[in-house]
Amino acid sequence: MFSLNFKKDWRMNKSMLISFFAITLVFFAVNAIFYGLLKWGSFSGSTFNILLGIWGVLASLATLLGTILVIVLMYFVLKNDLGKTKIQYSIFTPQSLLSWYLPKVLFVFIVQGLFGLINLGYTYFIFDITNPTLPAADQTHFNVWDNITSLLTQTFNFGFFALMALCMALYYSFRKKGRAWTFIVIAVLIYFVGNISYPIYQQIQEQVNHVKFDNIPTMVIPYVIKNVIGLIYAFISLYLFDKKIEY
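Count along the sequence shown from 1, then add 56; that gives the number in the numbering used here.
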């Protein structure tokens, strides 16, 4: 059942996924060309800085585009089952958890991982070009472990997918849409406050007590918070659809 539903999700979203990756790979190819020009080309200082500035903007736009496309894809993956006038409430019952929820989560993990690999390529390109231009005292080595940790936390982030599932569960569980939107806004605020709470705590500690934090906890702790909130949201979604609540 798990395999069959994963294949179903793949068939339903394959063309959109291919289109998204085609767009992203075009951006990646353009960035790779800029990397090659700056790495092996011979340019004056001003020309090099102009090309570097243009490339920085393109790389940032490409990363932003990848993030947006993942969110859009999550929406359509969920909308295929939830975005209907008549909802098949049984899809969110505990009995169908393995056959419905997990295939979609696995699909999202694969997509996030592929986009994460592309972003890792951007990170290395930019580091390899900009690091030699820094003063000798400021030059560093490419931190492989930090970047692998970033890739893993980006790939296996369950929280945002669960947030979107909860938003749809809330929207279709209330006849009064004003009440539904109120709960949706609260859910979104809780998720994003949880997401930024530890970075804010770090900034306060750095400013007030001059505490220094390692990169790994900076990435891992917000990741854990997001996914714990995501698990709670997933169970709330299951409850809403299982009970067919309509207020």
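For each residue, glycine too, the CB sits at the ideal point set by N, CA and C.
Residue i in three-state terms, based on DSSP
{"i": "residue 270", "result": "coil"}
{"i": "residue 97", "result": "coil"}
{"i": "residue 102", "result": "helix"}
{"i": "residue 132", "result": "helix"}
{"i": "residue 283", "result": "helix"}
{"i": "residue 297", "result": "helix"}
{"i": "residue 265", "result": "coil"}
{"i": "residue 69", "result": "helix"}
{"i": "residue 87", "result": "helix"}
{"i": "residue 214", "result": "coil"}
Buried/exposed call for residue i, threshold 16 Cβ in 10 Å
{"i": "residue 253", "result": "exposed"}
{"i": "residue 87", "result": "buried"}
{"i": "residue 304", "result": "Any answer about residue 304 is impossible in this case: the structure gives the chain only from 57 up to 303."}
{"i": "residue 168", "result": "buried"}
{"i": "residue 142", "result": "A caution first: residue 142 carries a pLDDT of 48, below 50, which makes its placement in the model too unreliable to give a value."}
{"i": "residue 243", "result": "buried"}
{"i": "residue 185", "result": "buried"}
{"i": "residue 278", "result": "buried"}
{"i": "residue 111", "result": "buried"}
{"i": "residue 273", "result": "exposed"}
Check whether residue i and residue j have beta carbons under 9 Å apart
{"i": "residue 126", "j": "residue 209", "result": "no"}
{"i": "residue 72", "j": "residue 108", "result": "no"}
{"i": "residue 14", "j": "residue 286", "result": "Here the chain comprises residues numbered 57 to 303, so residue 14 is not present and cannot be evaluated."}
{"i": "residue 293", "j": "residue 225", "result": "yes"}
{"i": "residue 174", "j": "residue 118", "result": "yes"}
{"i": "residue 165", "j": "residue 69", "result": "no"}
{"i": "residue 247", "j": "residue 282", "result": "yes"}
{"i": "residue 194", "j": "residue 271", "result": "no"}
{"i": "residue 85", "j": "residue 181", "result": "no"}
{"i": "residue 229", "j": "residue 296", "result": "yes"}
{"i": "residue 183", "j": "residue 163", "result": "no"}
{"i": "residue 160", "j": "residue 217", "result": "yes"}
Which whole runs of the beta strand (DSSP E) in the segment 159-203 are 3 residues long or more, in chain order?
-> Runs found: none.
At what residue ranges does the segment 226-254 contain a whole run of the alpha helix (DSSP H), taking only runs of 4 or more?
-> As far as the segment 226-254 is concerned, it has no whole alpha helix (DSSP H) run of at least 4 residues.
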